[in-house]
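Trainee: If you read the sequence shown in the numbering used here, its first letter stands for residue 1473, the second for the next number, and so on.
All C-beta atoms, glycine included, are put in the ideal place defined by N, C-alpha and C.
These numbers come from a predicted model, not from an experiment.
Below: one structure in structure tokens.
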Amino acid sequence: MPDPRPVDPETPPRDPGAAMTRDNRRPAALLLLGPTGAGKTPLGMELEHRGLWGWRCVHFDFGANLRRGAAGQLPDGLLTDGERRFLAGVLESGALLEDAHFPIAEKIVRSFLQERRVDDRTFVVMNGLPRHVGQARALLPLLSMRAVIDMTCDAPTALERIRTDAGGDRAGRADDDPDAVRKRLEIYRERTTPLVAFYRDLGVRILEVPVGAATAAAELWALLQDRRDADL
1473 MPDPRPVDPE TPPRDPGAAM TRDNRRPAAL LLLGPTGAGK TPLGMELEHR
1523 GLWGWRCVHF DFGANLRRGA AGQLPDGLLT DGERRFLAGV LESGALLEDA
1573 HFPIAEKIVR SFLQERRVDD RTFVVMNGLP RHVGQARALL PLLSMRAVID
1623 MTCDAPTALE RIRTDAGGDR AGRADDDPDA VRKRLEIYRE RTTPLVAFYR
1673 DLGVRILEVP VGAATAAAEL WALLQDRRDA DL
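Written out as structure tokens, the structure is:
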């Protein structure tokens, strides 16, 4: 592993195993991008279990944290009653958390970072946040994004993965009826896919990994592990 050398805070190091930038107030992060059904949560769990490029990983599943927040299962006092009711409405409608309500997301992220004791040898694996450019801008002071893992998966493949529970993470999901899934796929196409260009313009590496109807998280992890030197 190469010796760490200070670099500009906004420029990700070529080797993701290099130490944090001199802006060490911001934890290093990886972003999982992909439509509903692509397997972001299973990959996030795989990364947390196995790490990546010699670094520890902690998986931040924003959707799961929103559900915990709406159910009053986050640390006491983190969210107000009004914020919990608001999150319940967001989850029911399938809407995105817009810029005006980002402070709710920020509180959840900061609580997670403190709880998981993120240090300078840890990647925070962001799953479900940011989901649009406004959120990405708001996260810039909190996290140093090192790479975007773009899980490419077309709509028919995503629907088939959900139907068969290819990732093993759909049990108990009340929002997986076909109409709700199609709505989420359309929102993803319109609001979330522009994040690739946003981060590319900032100099963040984009790692594209193809997802098929039966692709497992372990396969994606192996692809990423092998691409350490080729793409970063």
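With a CB to CB cut of under 7 Å and the five nearest residues on each side skipped, what residues in its chain are close to His1521?
Mentor: Taken in chain order, the list of residues that qualify is empty.
Trainee: Of all the options Ala1567, Trp1527, Gly1606, which has the alpha carbon lying nearest to the alpha carbon of Pro1666?
Mentor: Cα-wise, what sits closest to Pro1666 is Gly1606.
Trainee: Please report whether the beta-carbon of Thr1665 lies at a distance below 8 Å from any beta-carbon of chain C.
Mentor: Absent here is chain C; the protein component of the structure consists of one chain.
Trainee: Excluding five sequence neighbours on each side, which residues of the same chain lie with their C-beta closer than 8 Å to the C-beta of Val1668?
Mentor: For Val1668, where only same-chain residues beyond five positions count, the Cβ hits under 8 Å are Leu1505, Val1620, Asp1622, Ile1678.
Trainee: Who are the Cβ neighbours of Val1597 in its own chain at under 6 Å, not counting the five residues just before and after it?
Mentor: Here the set comprises Leu1502, Gly1516, Leu1519, Cys1529, His1531.
Trainee: Less than 8 Å between the CB atoms is what I'm expecting for Phe1534 and Leu1601, so what's the real figure, rounded?
Mentor: Contact holds; Cβ gap of about 4 Å.
Trainee: Using three-state DSSP, classify Asp1622 as helix, strand or coil.
Mentor: Asp1622 falls in the strand class under three-state DSSP.
Trainee: Under 8 Å between the Cβ atoms of Val1681 and Leu1695?
Mentor: Contact flag set, yes.
Trainee: Taking the alpha-carbon of Pro1650 as reference, which of Gly1640, Met1617, Ala1627 has the nearest alpha-carbon?
Mentor: Nearest option by C-alpha distance: Ala1627.
Trainee: On the criterion of 16 or more Cβ atoms from any shown chain inside 10 Å, does Arg1582 qualify as buried, or is it exposed?
Mentor: Its Cβ having fewer than 16 others within 10 Å, Arg1582 is exposed.
Trainee: Relative to the C-alpha of Arg1633, which residue among Asn1599, Ala1688, Arg1672, Trp1693 is closest?
Mentor: It is Ala1688 whose Cα lies nearest to the Cα of Arg1633.
Trainee: Among Asp1591, Glu1658, Arg1672, which has the Cα closest to the Cα of Gly1566?
Mentor: Cα-wise, what sits closest to Gly1566 is Glu1658.
Trainee: Sort out for me which residues DSSP pairs Asn1599 with in a bridge.
Mentor: Paired residues: Leu1504, Asp1533.
Trainee: How long is the line joining the alpha carbons of Asp1592 and Trp1525, rounded to whole angstroms?
Mentor: The straight-line gap from Cα to Cα measures roughly 14 Å.
Trainee: Relative to the C-alpha of Val1551, which candidate in Ala1652, Pro1575, Arg1498 has its C-alpha closest?
Mentor: Residue identity differs from the one stated: residue 1551 is Leu in this sequence, not Val. Nearest option by C-alpha distance: Pro1575.
Trainee: With H, G and I counted as helix, E and B as strand and the rest as coil, what does DSSP make of Glu1680?
Mentor: Three-state result, Glu1680: strand.
Trainee: Just to confirm my understanding: we take Ala1542, look at its own chain, exclude 5 residues before and 5 after, and list those with CB closer than 7 Å. What are they?
Mentor: Taken in chain order, the residues that qualify are Arg1556, Leu1559, Ala1560, Leu1563.
Trainee: Could you tell me which of Ile1580, Thr1624, Ala1610 sits nearest to Ala1536, measuring between CA atoms?
Mentor: Comparing Cα positions, the closest option is Ile1580.
Trainee: Measuring only the C-alpha atoms, how far is Thr1493 from Trp1693?
Mentor: Low local confidence applies: a pLDDT of 40 at Thr1493 is under 50, so the model's placement there is unreliable, with the coordinate-based value given in what follows. If I take the Cα positions, the gap works out to 25 Å.
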